[in-house]
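Trainee: Handing you this structure, nothing more for now.
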RNA sequence: GCCCCCAUCGUCUAGUGGACUAGGACGCAGCCCUUUCAAGGCUACGACCGGGGUUCGAAUCCCCGUGGGGGCACCA
């Protein structure tokens, strides 16, 4: 396959969300697979909706995911600029070409008139559309009015008869009766182009070979094809990706769903995932498989995805997002990390919680919790006690089911005695004598070890007990046992 | 309302006319392992939207329904 040039072209109007990330992922995979380039282009022609910081968030998001682009607004490239507001002249020149060729025309209608026309059409139960008032103007007259400074916009002159046959890579031919199509606006009164013109011009100008975009563009697809053909350009391969649906499957996933997801510790915004303890690997794997059919072995790293990727195996039907699957992929990829890597990744969560973490201890703790982590921040609930001076114990937790305070105290006293008799406390030295004690005492392993766990870790759930004690160290373990006995003594 | 797209387990999907008793993954249930929680292993449950064609043969091709989704801006 020839090297593909792909692009992700988001508009900086809000937080970067899942759908943008997936388009970018597939763009990236296709480009890397074929030895081509992946480009970031900012579509900021709606100056009203542009929000400060959104562009930076997009760039940060792509980098966090590991989707390094080869060309973009901040790094430049041979086909720049990569911000549409910096390409005004290009669009004006191209709009003029279409007008000169008779494929577009100036329109002098006011927004007020347009609104009135729309109202009347709706009253008559017609489809709202431009009524073509300026389409039939004499081109020379129109040109004179424009030259005279009269306010105007440029509309595309859509063919009135026949049909448009457009080819979507995943769906085949999409045939539209031209009478269904509208004379869409190409150039707005603010002097900036609409998406329809800007994207077509840029994709051509930047040598894009494959246009991957959301299926919400399918309805204006025939328009776009007509624009490209009016210029006489070769078309890219059009790939309309299936939409992401809300977890319920009811309706397209929207930015508003972010707030809902956040309550459960999830998000639809890329910026949040790191904070929530998700890894780029997990997120990539998750979104990759919504819309891309992999028969088996679906745990994939970016490199493995590149190897396996194939545009033909993308799916056309919409997919409901499923956060449980994100958890699964996240946990799986965490377990795939090396000890050093995982340690480095969980360290910030401890720091943010105000805990001082020394690397030596951390390297010993990480193997103990790695297979228990679903998200990186789970490290806090499992391992905070390793980095605290004292643990807080709920006295009620020290009374194990089936035992009274006296018996519990006895177990802990005996444990203290056994462990304090050891020169060294490790997993290997600590467990055998305790096993013997369990055997001889008649208490169950669950009772004895459960009590010790509470006393030493302050938690009912923790990493394996003896491994944990080894990390904590003999001195601290004994202190905590003693402390627990004292607490029990107050009963 | 009009136009367009889609349709396999609850969810993501494999399947491109015979190898389908329809495969995998998540979730769910059970069992094993086990000092807790996990991880891991095993097992179970679970789907071709309906109706017509085409064909010796259809999950797979065609048509019609139905359902779901998207779009109908001087937004992208």
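Residue numbers (our numbering): 194 to 684. Built from N, CA and C at the ideal position, the CB exists for glycine as well.
#1: Count the C-beta pairs between the region 489-499 and the region 540-558 that are closer than 8 Å, then say yes if the count reaches three, no if not.
#2: Exposed or buried, residue 588, counting other C-beta atoms within 10 Å across all chains shown (16 or more means buried)?
#3: With a threshold of 7 Å on Cβ separation, who are the neighbours of residue 373 within its own chain once the five nearest residues in sequence on each side are excluded?
#4: Pull up the distance between the alpha-carbon of residue 561 and that of residue 621, whole angstroms please.
#5: Grouping DSSP H, G and I as helix and E and B as strand, with all else coil, what is residue 498?
#6: Is the number of C-beta pairs between the region 302-318 and the region 262-276 that are closer than 8 Å three or more?
#7: Alpha carbon to alpha carbon, what distance is there between residue 280 and residue 274?
#8: Please identify the residue among 303, 381, 300 and 422 whose C-alpha is closest to the C-alpha of residue 357.
#9: From this set, 241, 601, 514 and 426, which residue's C-alpha is nearest residue 438's C-alpha?
#10: How about residue 477 and residue 233: do their beta carbons lie closer than 9 Å?
#11: CA-CA distance, residue 368 and residue 563?
#12: Scan the region 335-416 and note each continuous alpha helix (DSSP H) run of 4 residues or more that stays entirely inside, going in chain order.
#13: Pick from 314, 325 and 298: whose alpha carbon is nearest that of residue 332?
#14: Taking the alpha-carbon of residue 427 as reference, which of 444, 393, 337 and 258 has the nearest alpha-carbon?
#15: Do the region 469-489 and the region 564-579 meet, that is, are 3 or more Cβ pairs less than 8 Å apart?
#16: Straight-line CA distance for residue 397 to residue 408?
#17: Below 9 Å between beta carbons: does that hold for residue 200 and residue 401?
#18: Suppose you measure from the CA of residue 425 to the CA of residue 451; what does that come to, to the nearest Å?
#19: Could you check how far apart the C-beta atoms of residue 554 and residue 670 are, in whole angstroms? I think they sit under 8 Å.
#20: Is it buried or exposed, residue 489, if we count other Cβ atoms within 10 angstroms and call 16 or more buried?
#21: What does DSSP give as the partner residue(s) for residue 150 in the beta ladder?
#22: Just confirm the distance between the C-beta atoms of residue 479 and residue 445, as a whole number of angstroms; I'd bet it's less than 8 Å.
#23: Per DSSP, which residues does residue 445 bridge with? Please list them.
#24: For residue 360, count neighbouring C-beta atoms within 10 Å of its own C-beta (all shown protein chains included) and say buried if the count is 16 or more, exposed if not.
#25: So, are the CB atoms of residue 505 and residue 362 less than 9 Å apart?
#26: Buried or exposed for residue 384, please, with buried defined as at least 16 other CB atoms from any protein chain shown within 10 angstroms of its CB.
#27: Since residue 621 sits in a beta bridge, which residues does DSSP pair it with?
#28: Shortest alpha-carbon distance to residue 240 belongs to which of 259, 205 and 673?
#29: Could you tell me whether the region 413-420 touches the region 516-532, using the rule of 3 or more Cβ pairs below 8 Å?
#30: Give the single residue among 585, 349 and 463 whose Cα lies nearest to the Cα of residue 213.
#31: Quick check: residue 248 and residue 391, are their CB atoms within less than 9 Å of each other?
#32: At the level of alpha carbons, what is the spacing between residue 223 and residue 277?
#33: Can you name the start and end residues of the beta strand (DSSP E) that residue 200 belongs to?
#34: Let me know if residue 353 comes out buried or exposed under the rule of 16 or more other beta-carbons within 10 Å of its beta-carbon.
#35: Out of 676, 503, 208 and 264, point me to the one whose CA is closest to residue 245's CA.
#36: Does the separation of the CB atoms of residue 376 and residue 295 fall below 9 Å?
Mentor: Walking through what the data contain:
#1: Using a Cβ-Cβ distance cut-off of 8 Å, the region 489-499 and the region 540-558 are not in contact, since fewer than three pairs of beta carbons, one from each stretch, lie closer than that value.
#2: Along the first chain, read from residue 1 onward, the residue named residue 588 stands at position 395. The residue is exposed, with fewer than 16 neighbouring Cβ atoms inside 10 Å.
#3: To locate residue 373, count along the first chain from 1; it is residue 180. Once the five neighbours on either side are set aside, residue 373 has no close Cβ partner at all.
#4: Along the first chain, read from residue 1 onward, the residue named residue 561 stands at position 368. Along the first chain, read from residue 1 onward, the residue named residue 621 stands at position 428. Looking at the two C-alpha atoms, the distance is approximately 15 Å.
#5: Taking the first chain and counting its residues from 1, the one referred to as residue 498 is at position 305. Judged by DSSP in its simplified three-state form, residue 498 adopts helix.
#6: Contact fails: fewer than three Cβ-Cβ distances are below 8 Å.
#7: Translated into positions along the first chain, residue 274 becomes position 81. Translated into positions along the first chain, residue 280 becomes position 87. Residue 274 and residue 280 have their C-alpha atoms some 7 Å from each other.
#8: Within the first chain, the letter at position 164 stands for residue 357. Residue 357 has its Cα closest to that of 422, out of 303, 381, 300 and 422.
#9: One-based indexing of the first chain puts residue 438 at position 245. Comparing Cα-Cα distances from residue 438 to each of 241, 601, 514 and 426, the minimum goes to 514.
#10: As a working mapping, residue 477 is identified with position 284 in the first chain. As a working mapping, residue 233 is identified with position 40 in the first chain. No, the Cβ-Cβ distance between residue 477 and residue 233 is not below 9 Å.
#11: As a working note, residue 368 is residue 175 in the first chain. As a working note, residue 563 is residue 370 in the first chain. Cα to Cα, residue 368 sits roughly 53 Å from residue 563.
#12: If only complete runs of 4 or more residues are kept, the region 335-416 shows the alpha helix (DSSP H) at 388-398, in order along the chain.
#13: Counted from its first residue, the first chain places residue 332 at position 139. Closest by alpha carbon: 298.
#14: Within the first chain, residue 427 is the residue found at index 234, counting from 1. Cα-wise, what sits closest to residue 427 is 393.
#15: Taking a contact to require three or more Cβ pairs closer than 8 Å, the region 469-489 and the region 564-579 qualify as touching.
#16: Against the first chain, residue 397 aligns to sequence position 204. Against the first chain, residue 408 aligns to sequence position 215. Between residue 397 and residue 408, the C-alpha separation is close to 20 Å.
#17: The count along the first chain starts at 1 and reaches residue 200 at position 7. The count along the first chain starts at 1 and reaches residue 401 at position 208. Going by beta carbons, residue 200 and residue 401 fall inside the 9 Å limit.
#18: Walking along the first chain from the start, residue 425 turns up at place 232. Walking along the first chain from the start, residue 451 turns up at place 258. Cα to Cα, the separation comes out at about 42 Å.
#19: Taking the first residue of the first chain as 1, we reach residue 554 at position 361. Taking the first residue of the first chain as 1, we reach residue 670 at position 477. Rounded, the Cβ-Cβ distance is 14 Å, inconsistent with contact.
#20: The residue labelled residue 489 in the question sits at position 296 within the first chain. That one is exposed.
#21: The shown model of the chain, from 194 to 684, leaves out residue 150, and the question about it has no answer.
#22: Reading the first chain from its first residue, position 286 is the one you call residue 479. Reading the first chain from its first residue, position 252 is the one you call residue 445. Contact between residue 479 and residue 445 is absent: CB atoms are separated by about 18 Å, not below the 8 Å threshold.
#23: To locate residue 445, count along the first chain from 1; it is residue 252. Answer is 438.
#24: Start at 1 with the first residue of the first chain, and residue 360 comes out as number 167. With fewer than 16 neighbouring CB atoms inside 10 Å of its own CB, residue 360 falls in the exposed class.
#25: In the first chain, counting from the first residue as 1, residue 505 sits at position 312. In the first chain, counting from the first residue as 1, residue 362 sits at position 169. Yes; because the gap between Cβ atoms is below 9 Å, this pair is in contact.
#26: Counting from 1 along the first chain, the entry for residue 384 is found at position 191. So residue 384 ends up on the exposed side.
#27: Looking up residue 621 in the first chain gives position 428. Beta-bridge pairing by DSSP links residue 621 to no other residue.
#28: Numbered from 1 along the first chain, position 47 holds the residue referred to as residue 240. Here the closest residue by C-alpha is 205.
#29: They do not touch, by the three-pair rule.
#30: The residue labelled residue 213 in the question sits at position 20 within the first chain. Measuring from the Cα of residue 213, the nearest candidate turns out to be 463.
#31: Here residue 248 refers to the residue found at position 55 of the first chain. Here residue 391 refers to the residue found at position 198 of the first chain. Judged by beta-carbon spacing, residue 391 lies beyond the 9 Å limit of residue 248, meaning their Cβ atoms are not closer than that value.
#32: In the first chain, counting from the first residue as 1, residue 223 sits at position 30. In the first chain, counting from the first residue as 1, residue 277 sits at position 84. The alpha-carbon atoms of residue 223 and residue 277 are separated by roughly 24 Å.
#33: On the first chain, position 7 is the one that residue 200 refers to. Taken as a continuous stretch (DSSP letters only), the beta strand (DSSP E) holding residue 200 covers 198-201.
#34: Here residue 353 is taken as the residue at index 160 of the first chain, counted from 1. Exposed: under 16 other Cβ atoms inside 10 Å.
#35: Walking along the first chain from the start, residue 245 turns up at place 52. Considering only 676, 503, 208 and 264, the residue with the shortest C-alpha distance to residue 245 is 208.
#36: As a position in the first chain, residue 376 is number 183, starting the count at 1. As a position in the first chain, residue 295 is number 102, starting the count at 1. In this structure, residue 295 does not lie closer than 9 Å to residue 376 by Cβ.
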